[in-house]
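Here's the structure we're looking at; comments come further down.
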Amino acid sequence: MNLRLLRFLALCFFLIYHPPLLAASKPWSKLTPLQQEALAQLASEWDSIPEEQQQPFLRLAKRYPKLTDVQKQRMHDRLKKWSKLTPEQRKQARDKFRSFSKVPPKQREQVKKMVLEDEVDEATPMDASGVPADSPTR
Amino acid sequence: MNKPTDMNTEKIKHLLNRSITQLDQPVLAKLRHARDQAVARHVSRRVSPALAWAGNFSWGHSPQKIHFWAAALLVIAFLLGTATYWNQEAAESDTSDVDIAILTDDLPMDVYID
Numbered sequence: 000m001n002l003r004l005l006r007f008l009a010l011c012f013f014l015i016y017h018p019p020l021l022a023a024s025k026p027w028s029k030l031t032p033l034q035q036e037a038l039a040q041l042a043s044e045w046d047s048i049p050e051e052q053q054q055p056f057l058r059l060a061k062r063y064p065k066l067t068d069v070q071k072q073r074m075h076d077r078l079k080k081w082s083k084l085t086p087e088q089r090k091q092a093r094d095k096f097r098s099f100s101k102v103p104p105k106q107r108e109q110v111k112k113m114v115l116e117d118e119v120d121e122a123t124p125m126d127a128s129g130v131p132a133d134s135p136t137r
Numbered sequence: 000m001n002k003p004t005d006m007n008t009e010k011i012k013h014l015l016n017r018s019i020t021q022l023d024q025p026v027l028a029k030l031r032h033a034r035d036q037a038v039a040r041h042v043s044r045r046v047s048p049a050l051a052w053a054g055n056f057s058w059g060h061s062p063q064k065i066h067f068w069a070a071a072l073l074v075i076a077f078l079l080g081t082a083t084y085w086n087q088e089a090a091e092s093d094t095s096d097v098d099i100a101i102l103t104d105d106l107p108m109d110v111y112i113d
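If you're matching them up, the sequences are chains X and Z in order.
Note that numbering that gives the first Met the number 0 has the first sequence beginning at 0, numbered continuously upward.
Note that numbering that gives the first Met the number 0 has the second sequence beginning at 0, numbered continuously upward.
Next comes the structure, spelled out in structure tokens:
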């Protein structure tokens, strides 16, 4: 058996089980312009985020170019709040999202419609009687 | 001159059948040596039958075999490590897909957060 091959395999094995050696620290200034655009909401705190927690955001940034403009805007609006969630809260959110994805499309659309209508209602100012201020019945 | 191990069974039998007193010392020595070798081989075969599957593997006798087995173990560990790594990568990729879907969904993110 070639001893050089043995050493090479041992080195590969060592590197695989020690990913931190390969994962380079990524300060904000070292991010690509595209990554900085995707993660702009985190610019001020990026350098204080632990390295292992930076990785999920970098993976999000990788998917950013494929988003539509509307989706990009939503991501910018939500990213800050998402970064403040605990790992447990994020896990619960993912579980809920996965569960909701399994609901038949028709029902899912109905739920979405209801939620969005509720959101509009909450955003619309009401008068004392509970009727929306800009309602045509007034 | 033949080595003791070169003697065939019939010859040994023939010699043994003759009176020991008729044998001279060199022949007796050859017989004793052949017997000792046969007993030694027999004992070594009986001691390690469990290792027969490994081709009578012996740590002490062949450094090449040690290298072979070390490399085999390393390759197995390497393959397991690679499989674990790719599984982890796949899981992280799936998580990122869900994360980006939540962050860009029509529904507000709060719907999914307690």
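C-beta atoms are modelled at their ideal positions from N, C-alpha and C, and glycine is treated no differently.
On a predicted model such as this, the values are computed, not experimentally measured, just so you know.
Three-way DSSP call (helix, strand, coil) for residue i in this model
i      : result
P55/X  : helix
S82/X  : helix
P107/Z : coil
D113/Z : coil
T83/Z  : helix
D120/Z : For residue 120/Z there is no data in the structure shown, the boundaries of chain Z being 0 and 113.
L30/Z  : helix
D46/X  : helix
T67/X  : coil
P26/X  : coil
P103/X : coil
H13/Z  : helix
T136/X : Here the model assigns T136/X a pLDDT of 43, short of 50, so the residue's position is not dependable, and the following value carries that caveat. Coil.
T8/Z   : helix
S61/Z  : coil
D76/X  : helix
D23/Z  : coil
L78/Z  : helix
L38/X  : coil
Whether residue i touches residue j by CB criterion (8 Å)
i      : j      : result
W27/X  : M108/Z : no
A92/X  : L59/X  : no
P64/X  : S95/Z  : no
I11/Z  : A33/Z  : yes
F96/X  : V97/Z  : yes
K111/X : D105/Z : yes
V26/Z  : L14/Z  : yes
Between the CA atoms of residue j and residue i - distance to the nearest angstrom
i      : j      : result
Q21/Z  : A70/Z  : 58 Å
I101/Z : W68/Z  : 49 Å
N86/Z  : D117/X : 41 Å
F77/Z  : L10/X  : 10 Å
K71/X  : Q40/X  : 12 Å
F7/X   : L73/Z  : 10 Å
R62/X  : T83/Z  : 24 Å
T136/X : V119/X : Interpretation of T136/X is limited by its pLDDT of 43, a score under 50 that renders its predicted location unreliable; no figure is taken from the coordinates.
V42/Z  : Q36/Z  : 10 Å
E50/X  : H75/X  : 21 Å
Q24/Z  : L30/Z  : 10 Å
D93/Z  : P32/X  : 25 Å
Inter-residue CB distance, residue i and residue j (contact presumed, cutoff 8 Å)
i      : j      : result
L84/X  : I99/Z  : At roughly 15 Å, the Cβ-Cβ gap does not stay under 8 Å, so L84/X and I99/Z are not in contact.
L57/X  : K25/X  : 7 Å
V114/X : V110/Z : 6 Å
Legend entry - Residues, ordered as in the chain, of the stretch 96 to 115 of chain X that lie near chain Z by beta-carbon distance below 9 Å: F96, R97, F99, S100, V110, K111, V114, L115
Inset, instruction - Quick one: which residues of the stretch 45 to 75 of chain X get their C-beta closer than 7 Å to a C-beta of chain B? List them in chain order. - result: Among the protein chains of the structure shown, namely X and Z, there is no chain B.
Legend entry - chain X contacts made by the stretch 99 to 111 of chain Z, where a contact means CB separation under 7 Å: I99, A100, I101, L102, T103, D105, L106, P107, M108, V110, Y111
Legend entry - chain Z contacts made by the stretch 76 to 95 of chain X, where a contact means CB separation under 8 Å: R77, L78, K80, W81, L84, Q88, R89, Q91, A92, R93, K95
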